[in-house]
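Novice:
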Amino acid sequence: MSEEKEISSLEGLAFHSTSTYELVNEIGRGGMGIVYLAEKHSEGVCDLLVLKTIKSLSSEYFDMLKKEANIATQLRHENIVKTYGLEAFPVDLFPQYFQEDLKTLEYNKLRQQPKKKPLVFRRHLRRSGRSRKLVTQNNNETKQKLYLIVMDYVEGTDLGNLFRAHRRKKLLIPPVLTAFVVSRICRALDYAHNHIIHRDVSPENILINNHGVAKLSDFGVAVGGKEQLGLLMGKLNYMAPEQLLNPLYDHRVDIFALGVVTYFCLTGINLFATPFGMGLEEQTDYIRRLHQEEIIPPAEVMKDIPKILSDTVMKMLEIDPEKRYQTAGEICDCLEQQYMYAKGFGPTNNSLQAYLDIFESNFENYTQQQLRQLRFLEGSDGKLQLRRYIAQNKYTGRGLELIKKFKGTRLRKILDK
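No gaps in the numbering here: position 269 of the sequence shown is 269 in UniProt numbering, and each next residue is one more.
1) Would you list, in sequence order, the uninterrupted alpha helix (DSSP H) runs of no fewer than 4 residues that lie entirely inside the region 229–305?
2) Apart from the five residues just before and just after R375, which ones in its own chain have a Cβ nearer than 8 Å to its Cβ?
3) Taking DSSP as the reference, what is the three-state secondary structure of V176?
4) Classify S217: buried if its beta carbon has 16 or more other beta carbons within 10 angstroms, exposed otherwise.
5) According to DSSP, is N349 part of a helix, a strand, or is it coil?
6) Return the CA-CA distance between I403 and A188, expressed in angstroms with no decimal places.
7) Using DSSP with H/G/I as helix, E/B as strand and the rest coil, what is P321?
8) Considering Cα atoms alone, identify which of R372, I390, A88 and Y389 is closest to G382.
9) In chain order, what residues of the same chain have a beta carbon less than 8 Å from the beta carbon of I296, not counting five sequence neighbours either side?
10) Can you tell me whether T53 is helix, strand or coil according to DSSP?
11) Could you round the C-beta distance between T396 and V313 to whole angstroms and report it? I think they count as a contact, below 8 Å.
12) Count the other C-beta atoms from every protein chain shown that fall within 10 angstroms of the C-beta of A391, then say buried if there are 16 or more, exposed otherwise.
13) Can you name the start and end residues of the beta strand (DSSP E) that N209 belongs to?
14) Using CA coordinates, which residue listed in D158, R288 and I71 is at the minimum distance from Y191?
15) Would you list the one or two residues that DSSP bridges to N25?
16) Tell me whether the region 236–244 and the region 274–285 touch, counting them as touching only if at least three CB pairs, one residue from each stretch, are closer than 8 Å.
17) Given T18, which residues of its chain have a CB within under 8 Å of its CB, disregarding the five upstream and five downstream residues?
18) Is there contact here, the region 313–333 with the region 152–168, by at least three beta-carbon pairs under 8 Å?
19) By Cβ distance, which residues of its chain are closer than 8 Å to N25, with the 5 residues on each side in sequence left out?
20) Tell me, which residues are paired with E378 by DSSP?
21) For the alpha helix (DSSP H) that A165 lies in, which residues bound it at each end?
22) Have a look at A14, R76, K169 and Q96 and flag the residue whose alpha-carbon is nearest the alpha-carbon of R387.
23) Which residues in the same chain as I305 place their Cβ atom closer than 7 Å to its Cβ, once the five residues preceding and following it in sequence are excluded?
24) Distance, Cα to Cα, G85 vs T73?
25) As a quick exercise: from R184, H193 and G329, pick the residue whose alpha carbon is nearest that of L75.
26) Between E11 and the rest of its own chain, which residues show a CB-CB distance below 6 Å, the 5 nearest in sequence each way excluded?
27) Compute the distance between the beta-carbons of D254 and I197, then report whether it is under 9 Å.
28) Which of helix, strand or coil does DSSP assign to R187?
29) Hey, how far is the Cα of H16 from the Cα of E294?
30) Rounded to the nearest angstrom, what separates L415 and F163 at their Cα positions?
31) Out of K40, S202 and L309, state which residue places its alpha-carbon closest to the alpha-carbon of L335.
32) Taking C-alpha atoms, which residue in Y147, N210 and Q337 lies nearest to D92?
33) Does DSSP put residue 426 in a helix, in a strand, or in coil?
34) Would the beta-carbon of G268 fall within 9 Å of that of R167?
35) Using a Cβ-Cβ cut-off of 6 Å (strictly less than) and excluding sequence neighbours within five positions of A240, which residues of its own chain qualify?
36) Rounding to the nearest angstrom, what Cα-Cα distance links I358 and Y366 in this structure?
Here it is, written out as structure tokens:
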């Protein structure tokens with residue numbers, strides 16, 4: 001009995017952690033802050049994490065951020081990047097150049113800044129015996145603080161980086177593998193929508209680890225606020241029409257955004273891309289006008305896109321949210337039952353991993369086991385069609401006309417050569 005009392009007496013015991021964070025390198029930046037790869041050191045044990053800076057603009061802003069972060073930390077799903085919570089430090093404890101960096105994180109300046117090189121496939125850290133600069137906190141609660149969201153580190157790539165790596169080789173991702181990644185993200189959204197709206201579904205926030213597992217990232221980061229409309233609640237060219245027009249929207253904005261992502265990966269066309277150099281208001285007005293124009297179905301843009309996949313994307317892209325899929329789970333069921341596994345064998349995490357390995361080797365190194373994992377890519381001639389080329393004869397007449405509207409894009413430059 002006395003032993004039971006001793007054990008139960010530990011309930012409610014609180015203690016401070018001895019962990020320290022060491023920033024390794026910058027892996028991205030946006031209007032919300034800067035993303036760093038970091039090492040967490042705790043009593044001789046080292047782990048890799050991601051820290052995303054969040055600049056506090058107001059107490060109201062921080063309250064919303066904390067609320068969203070509290071929800072995000074509760075999300076546990078195979079296809080969601082784990083969020084661990086918030087860390088905070090007074091801004092003036094950081095180097096001056098870093099403080100100046102934070103001041104430049106405004107939406108209308110982002111497009112003029114050089115992009116940082118993202119993490120690429122199979123990047124291994126070379127740990128040197130570099131000395132650490134330890135930053136310690138003090139108890140001055142009145143100082144402006146830098147808030148950092150702590151997230152799991154996913155070794156691999158993101159869908160945007162994977163798309164660009166294909167485009168550099170004048171390729172697009174095979175439709176069935178795009179559908180597989182989208183279906184996994186639908187599973188993540190279907191689970192998450194019981195608690196939260198993501199509001200920032202984009203290729204850069206869809207990660208794929210080295211084992212072929214797709215994960216949705218940045219839950220709780222794209223918080224609401226009036227300071228930077230359109231940035232904090234998502235990237236403009238992935239926003240649903242109601243997101244631009246009405247502050248009262250629901251989880252179906254994520255379905256529209258994922259539809260834009262899917263269309264982009266399937267065809268190479270970003271439906272709502274804005275011309276370079278536009279300000280925030282100009283971009284918003286421009287995209288609102290694009291929302292009023294007809295969307296050409298993907299199957300009428302490229303010849304190798306199956307109609308069932310095309311129809312699914314078009315329903316995701318319905319301007320009227322009542323005509324869209326009402327849940328992300330419906331999309332996943334449709335993709336799995338009517339497309340990916342309609343004939344039996346279809347893509348899995350292992351087959352996506354096999355494709356990524358082969359792609360990384362420039363289609364030169366592969367095993368028979370990897371090829372067996374990719375049998376669903378066989379053409380009518382029985383041969384595997386691993387490469388999906390960007391070429392004029394792959395597009396329909398309507399597709400080529402659509403591409404002409406997007407002057408100066410890399411897709412158009414590839415086709416014009």
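Virtual Cβ for every residue (Gly too), placed ideally from N, Cα, C. Only a predicted model underlies this, so the values are computations on that prediction, with no experimental measurement involved.
Specialist: A quick look at the data gives this:
1) 241–245, 252–267 and 280–291
2) Counted from its first residue, the sequence shown places residue 375 at position 375. Closer than 8 Å at the Cβ level, and outside the excluded window around R375, lie F345 and L384.
3) Reading the sequence shown from its first residue, position 176 is the one you call residue 176. In the structure shown, V176 sits in a helix (DSSP, three-state: H, G or I).
4) As a working mapping, residue 217 is identified with position 217 in the sequence shown. S217 should be labelled buried.
5) Here residue 349 refers to the residue found at position 349 when the sequence shown is read from its first residue. In the structure shown, N349 sits in a helix (DSSP, three-state: H, G or I).
6) The residue labelled residue 403 in the question sits at position 403 within the sequence shown. The residue labelled residue 188 in the question sits at position 188 within the sequence shown. Rounded to whole angstroms, I403 to A188 spans 32 Å at the Cα level.
7) Residue mapping note: residue 321 aligns to position 321 of the sequence shown, counting from 1. Three-state DSSP puts P321 in coil, outside helix and strand.
8) For the purposes of this step, residue 382 is taken as the residue at position 382 of the sequence shown. Looking at the Cα atoms, R372 is the closest of the given residues.
9) Residue numbering aside, residue 296 sits at position 296 when the sequence shown is read from its first letter. The answer, listed in chain order, is R398, G399 and L402.
10) Here residue 53 refers to the residue found at position 53 of the sequence shown. Looking at T53 - three-state DSSP - the assignment turns out to be strand.
11) Position 396 of the sequence shown holds residue 396. Position 313 of the sequence shown holds residue 313. Contact doesn't hold; Cβ gap of about 16 Å is too wide.
12) For the purposes of this step, residue 391 is taken as residue 391 along the sequence shown, with counting starting at 1. Exposed.
13) Locating residue 209 in the sequence shown gives position 209, counting from the first residue. That run of the beta strand (DSSP E) goes I206 to N209.
14) Reading the sequence shown from its first residue, position 191 is the one you call residue 191. Out of D158, R288 and I71, I71 has the C-alpha closest to the C-alpha of Y191.
15) As a position in the sequence shown, residue 25 is number 25, starting the count at 1. DSSP lists L37 as partners of N25.
16) yes
17) Within the sequence shown, the letter at position 18 stands for residue 18. Taken in chain order, the residues that qualify are S42 and E43.
18) no
19) By one-based count along the sequence shown, residue 25 stands at place 25. Correct list, in chain order: Y36 and L37.
20) On the sequence shown, position 378 is the one that residue 378 refers to. L384.
21) Numbered from its first residue, the sequence shown carries residue 165 at position 165. A165 -> alpha helix (DSSP H) spans L159 to R168.
22) As a working mapping, residue 387 is identified with position 387 in the sequence shown. Selected option, being the one with the closest Cα: K169.
23) Against the sequence shown, residue 305 aligns to sequence position 305. Only P175, L266, P298 and A299 meet the Cβ criterion.
24) The residue labelled residue 85 in the question sits at position 85 within the sequence shown. The residue labelled residue 73 in the question sits at position 73 within the sequence shown. Each residue's Cα considered, the two are about 6 Å apart.
25) Against the sequence shown, residue 75 aligns to sequence position 75. Considering only alpha carbons, the answer is H193.
26) To locate residue 11, count along the sequence shown from 1; it is residue 11. Excluding positions up to five away in sequence, the list is empty.
27) For this step, residue 254 is matched to residue 254 along the sequence shown. For this step, residue 197 is matched to residue 197 along the sequence shown. Yes, they are a contact pair.
28) Here residue 187 is taken as the residue at index 187 of the sequence shown, counted from 1. Helix, per DSSP.
29) For the purposes of this step, residue 16 is taken as residue 16 along the sequence shown, with counting starting at 1. For the purposes of this step, residue 294 is taken as residue 294 along the sequence shown, with counting starting at 1. About 57 Å.
30) Here residue 415 corresponds to residue number 415 of the sequence shown, with the count starting at 1. Here residue 163 corresponds to residue number 163 of the sequence shown, with the count starting at 1. Their Cα atoms are separated by approximately 16 Å.
31) Start at 1 with the first residue of the sequence shown, and residue 335 comes out as number 335. Ranking the options by Cα distance to L335, first place goes to L309.
32) Working through the sequence shown from its first residue, we reach residue 92 at position 92. Closest by alpha carbon: Y147.
33) Residue numbering for the chain in the displayed model covers 1 to 417; residue 426 lies beyond these limits and cannot be assessed.
34) As a position in the sequence shown, residue 268 is number 268, starting the count at 1. As a position in the sequence shown, residue 167 is number 167, starting the count at 1. The answer is yes: Cβ separation under 9 Å.
35) Along the sequence shown, read from residue 1 onward, the residue named residue 240 stands at position 240. If we look at A240 and ignore the five residues flanking it on each side, its Cβ neighbours are V253 and F256.
36) Here residue 358 refers to the residue found at position 358 of the sequence shown. Here residue 366 refers to the residue found at position 366 of the sequence shown. Those two C-alpha atoms are separated by around 6 Å.
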